[in-house]
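Numbering (our numbering), first residue to last: 59 to 634.
The structure appears right after this line, and notes come after that.
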Amino acid sequence: MVCGRASLVRASRRSYPSFSRTIRCAPMASLLAMALQDHTAVSEHAANQPSTPDDTQAPTAESLRELEVARRAKLDRLRELGVEPFGQRIDGLATLADARAAFSEPVHLAHEEAAKAAKEGGAPAPADSRPRATVAGRVVQHRDLGKLVFVWLRDSTGDLQVSISKAGVDATTFEIAKALDYGDVVAASGHVGRTNRGEVCVWADGLTMQSKSLEPPPSKWHGLTDPEIRYRRRYVDMFATPQTIKTFQARSRIVSAIRRFMESRGFLEVETPMMHPIAGGAAARPFLTHHNTLDMQLFMRVAPELYLKRLLVGGMPKVFEINRNFRNEGVDRSHNPEFTSMEVYEAFGDYGTMMELTESLLHELAVQAGAEQWGGGATAGGPTLAFGDLSINWGKPFVRVRFEDLFLRALGFPMRDEARVRASAKAAHIDGADKKDHWLLVEALFEEKAEPLIDPARPTFVMDYPSAVSPLTRPSRAQPEIAERWDLFVAGMEIGPAYTELNDPDIQLAKFTEQLSGADDEIDTFRSLDEDFLTALRVGMPPAGGLGLGIDRIVMLLTNSSTIRDVILFPLLRRQ
RNA sequence: GAUCGCGUAGCUCAGCUGGUAGAGCAAGCGGCUUUUAACCGCUAGGUCCUGGGUUCGAGCCCCAGCGCGAUCACCA
59 MVCGRASLVR ASRRSYPSFS RTIRCAPMAS LLAMALQDHT AVSEHAANQP
109 STPDDTQAPT AESLRELEVA RRAKLDRLRE LGVEPFGQRI DGLATLADAR
159 AAFSEPVHLA HEEAAKAAKE GGAPAPADSR PRATVAGRVV QHRDLGKLVF
209 VWLRDSTGDL QVSISKAGVD ATTFEIAKAL DYGDVVAASG HVGRTNRGEV
259 CVWADGLTMQ SKSLEPPPSK WHGLTDPEIR YRRRYVDMFA TPQTIKTFQA
309 RSRIVSAIRR FMESRGFLEV ETPMMHPIAG GAAARPFLTH HNTLDMQLFM
359 RVAPELYLKR LLVGGMPKVF EINRNFRNEG VDRSHNPEFT SMEVYEAFGD
409 YGTMMELTES LLHELAVQAG AEQWGGGATA GGPTLAFGDL SINWGKPFVR
459 VRFEDLFLRA LGFPMRDEAR VRASAKAAHI DGADKKDHWL LVEALFEEKA
509 EPLIDPARPT FVMDYPSAVS PLTRPSRAQP EIAERWDLFV AGMEIGPAYT
559 ELNDPDIQLA KFTEQLSGAD DEIDTFRSLD EDFLTALRVG MPPAGGLGLG
609 IDRIVMLLTN SSTIRDVILF PLLRRQ
């Protein structure tokens, strides 16, 4: 079933849930790009030279310059004050969440009362008993009330207000505070208290510029809504859209939890080549690259399968690999040209052991998502998680349905009824309905009529595909026309397949050869027989179960992300 | 690759039947010691994605291109 992984990136087109958060288009990417390209020119002009009628620039660049000039003027002013606007190491920083957690209402009240009593009694102000914190973050709000300035900082743990009063800091520090811009990175120290309105804040007695931001920021309230800028300039998206960092924190924790789960089951994580002399393991179109010194054409891997199976031959009984695959194919909400998958092989297992493993793993992940351990968009409440307008119930056991049974339910006649299959295919206007092989029509009808019956809100294993459409999978011993293969569907997406692996080298060779002869011209140009893999099989591979899971799609499901681009830090975009 | 939609100020968005380009926030100046999308006054900011065309006149209509999005195709 060497080629089975190809289907890993296939999504059913029917039951994809809709998401309420629609993102509208707005432009400005080009202006932002100009801002970047114009950077040097701007700094030279802005710093010293009055603009002359001669320095004609596109009006957009002029207007952009205004915003940047204002920021550079502040930069210069900081240096005049003897302040270095690009800071240095700070020890003992608290996260904004930790600083917020340090707040204590009783301590704060006691301090206020003591201060008030001292003032009324004419005594000197008592020592401030509230906890101290030093924090740092990016400025996301700035309110200047004259002799009092409120600033909201943001870091990866959240937002926190810093309050600076003219009476509480020296003159230079207060000038810095008044001149802060949205986007600046600052550090502040002080006692953690709250304002009259109940907002927890650091009452700063120190405030330093750590990085003066020179770029015009996105809207402080609306943030970035243009998906193009969100993906192209992810570093802006990450502070403008707090959910972005939460989603990627969740992704990291999910992948980490998958590793822990696999290790707890005794699997060994391995790393196999991502540059392959022979494109194998899936039938997808590969990317080509080249090694100069060896003058060798290489393929970016489309699947690690053939290497992982060599490890079974070599004597590693339980292995997994979490890493990238590269497929030179279309791009949509559930496909990115490079994507992360986990492949698993277990000697002396089969597709049944892979089913139990997958079900336990995903259930465990969903339970933890329900407990909000991912910190992402997941909803509380256990193994039922929101995904768009769906509530996906991850409770065990997942639905299991045999291909043959679902076919019968959907079409009303058995898949072996050749006459009715052909008639039905013609009625459904399936391509080549009068010429194609019976089993190809069965497969087409299944996709057309049966897959839509799968409940998108319940993870569903479709198992026991016809051998004729699973040429590289091991047939069932009891029923050779049935292949020991399943595909897991959730929310209309295919999450991954599993197989009872073929380990008879002669059958494997025959199937490879058959498949190569059937390949079309385009595919044929990158395909060749992996002789060494066949040699490995002749050395002897134990019977095994094999599994592939699309990690990006699992993260989408667990973080309620409508597109794969929201769970990939830097998704591929067309060159501007 | 195909079809449809979108592209207007730094950001978020209005813009009538084709008739001189608008708001909020951001920015600059001034005011304000407890703000919560702070508020008040003033100022500045535009190649309406690009290139053609129609028209007396185009942000708006037509054609082509670019980018993004959606749907489809590809993904044995």
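The C-beta atom is built at its ideal place from N, Cα and C for all residues, glycine as well.
Residues bridged to residue i (per DSSP)
i: Leu448; result: Phe445
i: Phe319; result: Its beta-bridge partners do not exist; DSSP assigns none.
i: Met358; result: Met333
i: Arg382; result: Thr398
i: Asp390; result: His393
i: Val459; result: Val520
i: Asp202; result: Val207
i: His421; result: DSSP output for His421 lists no bridge partner at all.
i: Pro344; result: According to DSSP, Pro344 bridges with nothing at all.
i: His349; result: Met354
i: Glu327; result: Phe378
i: Glu404; result: Lys376 and Gly603
i: Arg543; result: Tyr557
From the options, residue whose alpha carbon lies closest to that of residue i
i: Asp610; options: Asp489, Gln219 and Glu396; result: Glu396
i: Ala173; options: His166, Gly180, Pro184 and Leu605; result: Pro184
i: Pro510; options: Gly490, Pro533 and Phe465; result: Phe465
i: Pro555; options: Arg543, Asn561, Val548 and Ile565; result: Arg543
i: Glu462; options: Ile450, Phe456 and Asp475; result: Asp475
i: Pro164; options: Gly251, Arg135 and Ala152; result: Gly251
i: Tyr523; options: Pro517, Arg516 and Thr531; result: Thr531
i: Phe357; options: Leu546, Arg343 and Ile612; result: Arg343
i: Leu420; options: Gly195, Ile450 and Met473; result: Ile450
i: Leu265; options: Pro472, Lys236, Glu286 and Ser271; result: Lys236
i: Asp447; options: Ala549, Gly241 and Thr153; result: Ala549
i: Leu415; options: Gly324, Trp497, Asn386 and Tyr289; result: Gly324
i: Phe638; options: Ala429, Ser322 and Asp202; result: Nothing in the structure corresponds to residue 638, since the chain is present only between 59 and 634.
i: Ile488; options: Pro472, Met473 and Glu506; result: Glu506
i: Asn254; options: Ala485, Ser271, Gly604 and Phe208; result: Phe208
i: Val520; options: Met413, Asn386, Ala340 and Leu443; result: Met413
i: Leu638; options: Val227, Thr192, Gly428 and Lys304; result: Because the chain spans 59 through 634 in this model, residue 638 falls outside it and cannot be assessed.
i: Arg632; options: Asn394, Ser528 and Thr305; result: Asn394
i: Gln146; options: Pro274, Lys270, Ser277 and Ala508; result: Lys270
i: Pro533; options: Ala515, Glu379, Ile565 and Pro514; result: Ile565
Simplified DSSP assignment, three categories, for residue i
i: Arg633; result: coil
i: Val197; result: strand
i: Ser399; result: strand
i: Ala128; result: helix
i: Pro108; result: The predicted model places Pro108 with a pLDDT of 32, which falls under 50 and marks its position as unreliable; any figure quoted below should be read in that light. Looking at Pro108 - three-state DSSP - the assignment turns out to be coil, as it is neither helix nor strand.
i: Ile626; result: coil
i: Arg309; result: helix
i: Thr302; result: helix
i: Val377; result: strand
i: Glu286; result: helix
i: Leu530; result: coil
i: Leu136; result: helix
i: Arg123; result: helix
i: Ala191; result: strand
i: Met412; result: helix
i: Lys454; result: coil
i: Phe297; result: helix
i: Phe465; result: helix
i: His487; result: coil
i: Gly179; result: coil
i: Ala536; result: coil
i: Ala427; result: helix
Distance cut-off 8 angstroms: residue i Cβ against heavy atoms of the ligand SAH
i: Glu327; result: Ligands displayed in this structure: none; no statement on the ligand SAH is therefore possible.
8 angstroms contact criterion, which residue i and residue j should meet: CB distance rounded
i: Met332; j: Arg382; result: 7 angstroms
i: Leu567; j: Leu592; result: 6 angstroms
i: Ala483; j: Leu499; result: 4 angstroms
i: Leu326; j: Lys376; result: 6 angstroms
i: Ala262; j: Val220; result: 5 angstroms
i: Ala155; j: Thr215; result: 4 angstroms
i: Tyr403; j: Thr558; result: The pair is not a contact, with the Cβ atoms about 11 angstroms apart (cut-off 8 angstroms).
i: Leu370; j: Pro563; result: With a Cβ gap of about 13 angstroms, Leu370 and Pro563 do not count as contacting.
In chain order, which beta strand (DSSP E) runs of at least 3 residues are fully inside the region 211-282? 216-223, 243-252 and 258-269
At which residue ranges does the region 560-621 contain complete alpha helix (DSSP H) runs of 4 or more residues, listed in the order of the chain? 563-576, 579-582, 589-598 and 609-617
Could you pull out every unbroken alpha helix (DSSP H) segment of at least 4 residues lying fully inside the region 138-166, listed in chain order? 154-159
Unbroken alpha helix (DSSP H) runs of length 4 or more, entirely within the region 489-526: which are they? 496-503
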